[in-house]
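Notes to accompany the following structure.
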Amino acid sequence: MDYLKQNRPEHARTVIDVGCGWGAAGIWCAKKLGSKVTSVDADPDVFPFLDVAAALNGVSTAPLVSRFEKLTTRQLSQFDMLIAADICFWDELVDPVFNMVNRAIKAGVKQILIADPERPTFHEMAARCVDRHCADVIEWQTRSPIKASGAIMVIQNA
475 MDYLKQNRPE
485 HARTVIDVGC
495 GWGAAGIWCA
505 KKLGSKVTSV
515 DADPDVFPFL
525 DVAAALNGVS
535 TAPLVSRFEK
545 LTTRQLSQFD
555 MLIAADICFW
565 DELVDPVFNM
575 VNRAIKAGVK
585 QILIADPERP
595 TFHEMAARCV
605 DRHCADVIEW
615 QTRSPIKASG
625 AIMVIQNA
């Protein structure tokens, strides 16, 4: 969210928040950017919590229970921007996340942002995206409201 606040996206009318968890990033996009957000998670139990957080912020998102592997090029073609955070935490997720990025590029998603606390699996996936899609991997730090650091993979496809 800090990155998006400082680098306001040009294309954010429709956003897919993949691996959304409780949906903080997607809710932020709906509230601050006016985006129409689809929140995607494999765990249907996250959505009641997400809905409460969205309501507290005066917005809503469209829920979609799905895994990365199941998101089709056709589905992804409905979105201007794909956002995700902390979704590449196991070795078994490198290929599915990379393949989802490939489908998003093919679908014409204009901007892809995947943030991570810099796990080796994230860097493996991001390196593939650097090679194949000219992605940038940006080191990022926040100091407020909490101190945190990590990396964000950014692909501009517009």
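Here my numbering is used: the first residue of the sequence shown is 475, the next is one more, and so on.
Beta carbons are placed, not taken as given, at the ideal position from N, Cα and C, and that holds for glycine.
Computed from a prediction, not measured in an experiment: that's the story for all the values here.
Classification of residue i by the beta-carbon crowding that lies within 10 angstroms, buried from 16 upward
i    : result
I620 : exposed
A578 : buried
C494 : buried
L556 : buried
A713 : Outside the shown range of the chain (475 to 632) lies residue 713, about which nothing can therefore be said.
For residue i, the nearest candidate out of the options (CA to CA)
i    : options             : result
K580 : S551, A558 and I557 : S551
W564 : F553, H597 and R548 : H597
V533 : L507, I501 and Q549 : I501
N576 : A589, D590 and V604 : V604
7 Å Cβ shell around residue i - same chain, five flanking residues per side excluded
i    : result
R602 : F572
Q630 : Q585
G508 : none
Rounded Cβ spacing between residue i and residue j (contact assumed at less than 8 Å)
i    : j    : result
V628 : L567 : Their Cβ separation, rounded to whole angstroms, is 19 Å, which puts V628 and L567 out of contact at 8 Å.
V583 : D560 : Not confirmed; about 20 Å, so no contact.
C608 : D590 : Actually they do not touch by this definition, with Cβ atoms about 19 Å apart.
G497 : A536 : The pair is not a contact, with the Cβ atoms about 11 Å apart (cut-off 8 Å).
Check whether the stretch 538 to 545 touches the stretch 505 to 523, counting contact only when three or more Cβ pairs, one atom from each stretch, lie closer than 8 Å. yes
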